[in-house]
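Notes to accompany the following structure.
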Amino acid sequence: MRRMVDDRAKERAANGIMRSFAPILVLTILGAGGGGYLGAMVIPSFFVAQAPKEDDPAQHVSRQSAFTDSDGREKGRADVKEIAQDRAPRLPGPAGEPLSVIELPAVIANVSGSKRLIRLQSAVVFNPQDRKGVETQLAALRSDVAAFLATLALSSIEGADGLRRLQEELSERAKTRSEGRIRDFIIEALVVQ
Numbered sequence: 001m002r003r004m005v006d007d008r009a010k011e012r013a014a015n016g017i018m019r020s021f022a023p024i025l026v027l028t029i030l031g032a033g034g035g036g037y038l039g040a041m042v043i044p045s046f047f048v049a050q051a052p053k054e055d056d057p058a059q060h061v062s063r064q065s066a067f068t069d070s071d072g073r074e075k076g077r078a079d080v081k082e083i084a085q086d087r088a089p090r091l092p093g094p095a096g097e098p099l100s101v102i103e104l105p106a107v108i109a110n111v112s113g114s115k116r117l118i119r120l121q122s123a124v125v126f127n128p129q130d131r132k133g134v135e136t137q138l139a140a141l142r143s144d145v146a147a148f149l150a151t152l153a154l155s156s157i158e159g160a161d162g163l164r165r166l167q168e169e170l171s172e173r174a175k176t177r178s179e180g181r182i183r184d185f186i187i188e189a190l191v192v193q
């Protein structure tokens with residue numbers, strides 16, 4: 001008799017485990033299948049293997065650019081990494097006209113009051129018609145940016161708000177320096193060491 005009770009108890013325990021395990025298994029399979037289906041609908045490229053995109057070296061043109069002062073005398077030369085015209089991003093201006101982008105060489109400056117360095121990679125956005133005027137001002141703009149970065153305290157550029165204020169200040173300085181030819185100053189990378 002006792003043996004029958006033990007067998008029934010074991011049978012009930014096995015049935016109880018199966019009864020609780022089966023719905024969990026079914027719901028897991030449905031969830032995985034439904035999630036995979038919805039993921040394929042929302043992001044179809046996820047399921048297609050793609051080669052990673054590399055920076056196309058043909059996209060950039062590096063050249064020497066002469067910088068002149070207001071009297072037209074040459075003050076110096078610098079390598080300007082410029083996005084090739086045929087591949088340059090066409091940013092719509094206020095009236096829909098295309099804008100050009102020139103990537104500036106990196107600026108490295110000491111931070112005010114510490115032994116840390118700031119490395120800033122940036123670019124400027126301007127009208128293609130103003131190319132000559134912008135190119136003549138790039139060296140002066142770089143030195144202005146370096147001087148401004150040297151006066152910064154690290155606490156003033158912390159967080160998203162600090163980065164936004166830095167971008168706005170540098171953009172305003174670029175517009176002033178170029179007499180309105182530069183439309184925007186883009187911060188591509190900012191590294192503090």
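Per the UniProt record's numbering, the sequence shown starts with residue 1, numbered consecutively.
We put the CB at the ideal spot given by N, CA and C, even for glycine.
Since we're looking at a predicted model, the values are computed, not measured.
Taking the beta strand (DSSP E) that residue i falls in, what are its first and last residues?
i	result
valine 192	182-192
alanine 106	98-110
arginine 119	117-126
Of the choices the options, whose alpha-carbon is the least far from that of residue i?
i	options	result
glycine 133	Arg183, Glu188, Ile24, Ala150	Arg183
serine 114	Ala174, Phe21, Leu149	Leu149
leucine 141	Leu30, Arg116, Pro23, Lys175	Lys175
glycine 162	Arg181, Ile187, Glu179	Ile187
threonine 136	Leu25, Ala22, Glu179	Glu179
alanine 139	Glu169, Met41, Ile102	Ile102
glutamate 168	Ala160, Phe185, Glu158, Met18	Phe185
Beta carbon of residue i, beta carbon of residue j: below 8 Å?
i	j	result
glutamine 121	alanine 32	no
aspartate 144	arginine 177	yes
glycine 107	alanine 146	Looking at the sequence itself, residue 107 is valine, so the reference to glycine does not match. Yes; because the gap between Cβ atoms is below 8 Å, this pair is in contact.
leucine 99	alanine 123	no
isoleucine 118	valine 125	no
asparagine 127	glutamate 97	yes
Could you spell out where the alpha helix (DSSP H) holding residue i opens and where it closes?
i	result
alanine 160	159-177
serine 143	131-151
Practice problem: Tell me, please, whether the stretch 148-157 touches the stretch 124-139 by the rule of three or more beta-carbon pairs shorter than 8 Å. | Solution: Output reads no: the stretch 124-139 does not touch the stretch 148-157.
Quiz item: Can you list, in chain order, the stretches of the beta strand (DSSP E) that have 3 or more residues and sit fully within the stretch 9-34?
Solution: none
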